[in-house]
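Chemist: Take this structure first; my questions come after.
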Amino acid sequence: MGGCCSCEISCGGKMITHMDDRQYGRPDRDDIAYGDSGARIRLRGSSKFISMYCQQGSKGINQDALTVWEGFTGEKDMIFCGVFDGHGPLGHKVSQYIRDNLPGKISESIKMTRQKKVGQLWDTYPRERRSHVNLSGGNGQNMSLASWESSLVKSFNEMDEHIARDINTDSFSSGTTAVTLIQRGDLLIIANLGDSRAVLGMRGDNDELNPVQLTMDLKPDIPSEAMRIHNCDGRVFTAAEESQVYRIYMPDEDCPGLAMSRAFGDFCLKDYGLISVPEVFYRKITKQDEFVVLATDGIWDVLSNAEVISIVASAPRRSMAAKMLVRHAVSLWRYKYPNAKIDDCAVICLFLHEPPTLPDSPSARSNLNKRKHLSPHGSRPTRNEGTESLVDDGKSSVITLGQELDGRGRLSRANSVTDSKYPRHSRVVSRRSSQYVDGVEAC
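Using full-length UniProt numbering, the letters of the sequence shown map in sequence onto residues 1 to 443.
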């Protein structure tokens, strides 16, 4: 493409014309740090397969955070993406702490699992043949799906314990969501904690782009989540002024009013049903799968899954996709909810295949033209749309490795926690162990 493109996109009741791609940024190769096993860490910018962007809303300090690790665990074709949405008085500190430490913890856990597998393989060979055996190749690299889940769950729980002990991050009534994705070759492994979301853009048989929601918004009114909370003496109810927003409260105090059922931190509720155990899903990538969008609820509260993937697909350059999506969301916040405070927005777009040879492909122009006719005046999107299933039509399915969830999400423009009251902060945090009892996780 040239230096700029001219198009008209309906957004928030006004037309955006002559969109200069310079305002959306270019690949920022210098803004890179290095992490475990030499992984390249990005907190902003873009690369060949990545577009990422975060923008502060109007509620105060930006509590959203995001990160991408390329070359994750030292493997060239392995990528880690994570988006985190903080809440509470110190939610920004919690989300940043998780952003900076969770990827390394997961990388360490994966490598330990592989080393254990190599040791088990080594033990199967007779002693006289061991000098002729090389296990440094792929034998220890292939993990079972159960091993992936175990590594992720272990890492999430250990990070929650680290937050509890960290004297610089008071997380008694502050916390964060997390939606993470690991791509290794043609495999996607997604771990979700809270109400951020991952959505796949997939080409259908008629060449139309369809959304496939890869995660479930983990809300307190999901039956299995509510049962666990009630079994731990927590309370779930709606306030009169927010009849559609279910929140978790302590047994004897009407606080903190958390609008999600799983999160890092928020230790005032960890004895009462809030957990840091992620739901883990996987998907085998097909030729029809084009990209995955990970985003906080500042995006999903104003845009449907279908609108999100349409905007991303319409981007003239991959590097522009995330910022375009955030700009559209902010405009729609102002148009749909002029009296509400705009939420923070964080987006990572992970493109799953090599870019097309011609940057201005017919399909890209077609998607852009379709986007022109999308109206922002339609009905409000729901957080989990009934027409879009978590599981595909059978050609390439999304399979849950954890407990199957059954529930509906609702649009929530409210804060993640109620503003009016927070529980007393405490450095002494009681942590009850969780057990599965008859299929229900009880405290």
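Yeah, the Cβ is synthetic: ideal placement off N, Cα and C, and Gly gets one too. In this text the structure is predicted, and so the values were computed from the model without any measurement.
In the DSSP assignment, find the beta strand (DSSP E) that holds residue 71 and state where it starts and stops.
Modeler: Neither: residue 71 is in no beta strand (DSSP E) and is coded neither H nor E.
Chemist: Just confirm the distance between the C-beta atoms of residue 198 and residue 187, as a whole number of angstroms; I'd bet it's less than 8 Å.
Modeler: 14 Å between Cβ atoms; not a contact.
Chemist: From the DSSP output, in three-state form, read off residue 368 for me.
Modeler: Note that residue 368 scores a pLDDT of 48, beneath 50, so its modelled location is shaky; the value from the coordinates is reported in the next line. DSSP places residue 368 in helix when its eight states are reduced to three.
Chemist: Straight-line CA distance for residue 81 to residue 291?
Modeler: Their backbone Cα atoms lie some 13 Å apart in a straight line.
Chemist: Under 8 Å by Cβ, that's how I've got residue 325 and residue 347 pegged, so tell me the actual separation to the nearest angstrom.
Modeler: Indeed they touch by this definition, with Cβ atoms about 5 Å apart.
Chemist: For residue 103, which three-state DSSP category applies?
Modeler: Three-state result, residue 103: helix.
Chemist: Where residue 219 and residue 246 are concerned, what is the direct C-alpha to C-alpha distance, given to the nearest angstrom?
Modeler: Distance between the alpha carbons of residue 219 and residue 246 is about 8 Å.
Chemist: Report all residues from its chain with a CB closer than 7 Å to the CB of residue 312; omit the five preceding and five following residues, and keep chain order.
Modeler: Cβ neighbours of residue 312 beyond the five flanking positions: 201, 291, 293, 321, 325 and 349.
Chemist: Which residues share a DSSP beta bridge with residue 34?
Modeler: For residue 34, which the question treats as bridged, DSSP gives the partners 40.
Chemist: Based on the DSSP output, what are the partners of residue 265 in its beta bridges?
Modeler: 175, per the DSSP bridge assignment.
Chemist: What is the DSSP secondary structure of residue 114, reduced to helix, strand or coil?
Modeler: Helix at residue 114.
Chemist: Per DSSP, residue 288 forms a beta bridge with which residues?
Modeler: Partner(s): none; residue 288 has no beta bridge.
Chemist: Can you tell me which residues form a DSSP beta bridge with residue 249?
Modeler: According to DSSP, residue 249 bridges with 235 and 256.
Chemist: With a cut-off of 8 Å on the beta carbons, I'd call residue 64 and residue 296 a contact; round off their distance for me.
Modeler: 5 Å between Cβ atoms; contact.
Chemist: For residue 119 and residue 351, I'd like the C-alpha separation in whole angstroms.
Modeler: A caution first: residue 119 carries a pLDDT of 47, below 50, which makes its placement in the model unreliable, though a value can still be read off. Each residue's Cα considered, the two are about 35 Å apart.
Chemist: Evaluate residue 240 with the Cβ neighbour count: other Cβ atoms within 10 Å of its Cβ, from every protein chain shown; 16 or more gives buried, anything less gives exposed.
Modeler: Label assigned to residue 240: exposed.
Chemist: Kindly indicate which residue of 262, 155, 88 and 49 has the alpha-carbon position closest to the one of residue 194.
Modeler: Considering only alpha carbons, the answer is 262.
Chemist: Is the stretch 225 to 236 touching the stretch 261 to 278 in the sense that three or more CB pairs, one from each, lie closer than 8 Å?
Modeler: With the cut-off at 8 Å, the stretch 261 to 278 and the stretch 225 to 236 touch.
Chemist: Nearest by alpha-carbon distance to residue 417: which of 249, 344 and 105 is it?
Modeler: Ranking 249, 344 and 105 by Cα distance to residue 417 puts 249 first.
Chemist: Got a sec, what are the start and stop residues for the beta strand (DSSP E) residue 353 sits in?
Modeler: Premise fails: residue 353 is in no beta strand (DSSP E) and is neither H nor E.
Chemist: Taking the continuous beta strand (DSSP E) assigned at residue 53, which residues delimit it?
Modeler: That run of the beta strand (DSSP E) goes 50 to 55.
Chemist: Which residues in the same chain have their Cβ closer than 6 Å to the Cβ of residue 58, if we skip the five residues on either side of it in sequence?
Modeler: 341 and 342.
Chemist: Since residue 160 contacts residue 281 with CB under 8 Å, what's their CB separation in whole angstroms?
Modeler: Contact flag wrong, Cβ pair sits at about 20 Å.
Chemist: I'd like the span of the alpha helix (DSSP H) that includes residue 318, first residue to last.
Modeler: Here residue 318 belongs to no alpha helix (DSSP H), and DSSP marks it neither H nor E.
Chemist: Candidates 174, 323 and 164: which alpha carbon is nearest residue 255's?
Modeler: Closest option to residue 255, Cα to Cα, is 174.
Chemist: Assuming residue 104 and residue 36 make a contact with CB atoms under 8 Å, what is their CB distance in whole Å?
Modeler: About 5 Å; that satisfies the 8 Å criterion.
Chemist: Between which two residues does the beta strand (DSSP E) harbouring residue 198 extend?
Modeler: Unbroken beta strand (DSSP E) run through residue 198: 197 to 203.
Chemist: Three-state secondary structure (DSSP) at residue 274?
Modeler: DSSP places residue 274 in coil when its eight states are reduced to three.
Chemist: My understanding is that residue 192 touches residue 215, with C-beta atoms under 8 Å, so please give their C-beta distance in whole angstroms.
Modeler: 4 Å between Cβ atoms; contact.
Chemist: Indicate the three-state DSSP secondary structure (helix, strand or coil) for residue 170 in the structure shown.
Modeler: Three-state DSSP puts residue 170 in coil, outside helix and strand.
Chemist: Quick one: using the 10 Å Cβ neighbour count with 16 as the cut-off for buried, is residue 133 buried or exposed?
Modeler: Model confidence at residue 133 stands at a pLDDT of 40, short of 50, so the residue's coordinates are unreliable; what they give is reported in the following sentence. The residue is exposed, with fewer than 16 neighbouring Cβ atoms inside 10 Å.
Chemist: In chain order, what residues of the same chain lie with their CB nearer than 7 Å to the CB of residue 95, ignoring the 5 residues before and after it?
Modeler: Correct list, in chain order: 63, 64, 65, 84, 85, 86 and 176.
Chemist: Could you check if residue 112 is buried or exposed, using at least 16 other CB atoms within 10 Å of its CB as the buried criterion?
Modeler: It is exposed - the Cβ of residue 112 has fewer than 16 other Cβ atoms within 10 Å.
Chemist: Where in the stretch 77 to 101 do unbroken runs of the beta strand (DSSP E), each at least 3 residues long, occur, reported from the N-terminal end onward?
Modeler: Counting whole runs of 3 or more residues, the stretch 77 to 101 contains the beta strand (DSSP E) stretches 78 to 87.
Chemist: Compute the Euclidean distance between the alpha carbons of residue 344 and residue 298, then round it to the nearest angstrom.
Modeler: About 6 Å.
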